[in-house]
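At position 102 of the sequence shown the residue is numbered 101 (numbering that gives the first Met the number 0), and the sequence of numbers has no breaks. Comments concern the structure below.
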Amino acid sequence: MVETLYLAALTLISVIVILLIVKNRMIQKENDFLTLHDQMTEQNYRLLRQSAELNRHLVHDVKHHLLILREYVKEDNLEGIGMYLDEIEDEYMYVPRKVWTGNGFLDFILNQKKSKAEARGITFDICSETIPVWKFTDSEISVVFGNLLDNAIEACEKIESQEKSIHVYMKKRGNIITVKIRNSIASPPVRMKGRLNSDKNSPGMHGYGLKSVKRVVSKQGGYFDCHADKDEFWVAVSVFGLDG
């Protein structure tokens, strides 16, 4: 009788332990799912904020153009309307197709950002060797160069009195590709806990972009560094290339 009760108790304890283990695994899976959901939700919100910010810039530009065109209409200046439409068509529709690296996708981004910067009165110089093949995918090229160049342009737009300039330098030595981007700044960013803190109106967006750049560079086994002094900010990226 005692032995039977002992076996029954042992069986009950075993069942309870198994149920607790199963429940713990289910809770862990649920927590993992919620964590992933939160990350996806946060990313979606950040993308929505970026889209909203872009839309605000576009709306502002369109309002500006409409005001100018309205003045031409009041003056019955058809020639002025035609010339102005040609001007904004060049600004929004024309992207020069100059070859900088030999990589079609990267050259498109460089030409697009150069055109955007120069339309805002920013000197944009590119010094690059022919580097047609990168370890980065097209998507990764977009993340790295899109974020870094947009940050550089936005930093220059804050400058009121001094010269605004962006310099892009790329070279390949052996199988190592080095990219350096320097841009003027109105004032050096604040350093907090050893890190440069963005002074943008939406610092979270800026940080998200840099984190994306660092993630891509790290994924490809590369090196990322940035530095700021009184009136200049620079970023350096080194990554292994591919033969070809």
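Built from N, CA and C at the ideal position, the CB exists for glycine as well. Owing to the predicted nature of the structure, the values given are computational and were not obtained by experimental measurement.
Three-state secondary structure (DSSP) of residue i
i, result
"ILE176", "strand"
"SER183", "strand"
"LEU148", "helix"
"ASP75", "coil"
"VAL132", "coil"
"VAL216", "helix"
"ILE17", "helix"
"ARG96", "coil"
"LYS157", "coil"
"GLU162", "coil"
"MET191", "Residue placement at MET191 is poorly supported in this model, since its pLDDT is 40, which falls under 50; the coordinates still yield a value, given next. Correct three-state label for MET191: strand."
Which residues DSSP lists as bridging residue i, in chain order
i, result
"ILE125", "VAL167"
N- and C-terminal bounds of the beta strand (DSSP E) containing residue i
i, result
"PHE232", "231 to 239"
"PHE223", "222 to 227"
First through last residue of the alpha helix (DSSP H) which encompasses residue i
i, result
"ASN110", "103 to 118"
Candidates the options: closest to residue i by CA position
i, options, result
"MET169", "GLY79, GLY101, ILE17", "GLY101"
"LYS171", "TRP133, GLU156, TYR222", "TRP133"
"ASP230", "ARG96, VAL72, SER186, VAL215", "SER186"
"GLU156", "ASN182, ILE140, GLU78, LEU66", "ASN182"
"HIS226", "VAL216, VAL215, ILE184", "ILE184"
"GLU153", "ILE26, ASP85, GLU117", "GLU117"
Do the stretch 107 to 123 and the stretch 142 to 159 make contact, defined as three or more Cβ pairs closer than 8 Å? The stretch 142 to 159 and the stretch 107 to 123 touch, with three or more beta-carbon pairs separated by less than 8 Å.
Count the C-beta pairs between the stretch 122 to 134 and the stretch 148 to 168 that are closer than 8 Å, then say yes if the count reaches three, no if not. Yes, the stretch 122 to 134 is in contact with the stretch 148 to 168.
contact_flag[the stretch 226 to 241, the stretch 172 to 184] where n(CB pairs < 8 Å) is 3 or more: A contact exists between the stretch 226 to 241 and the stretch 172 to 184.
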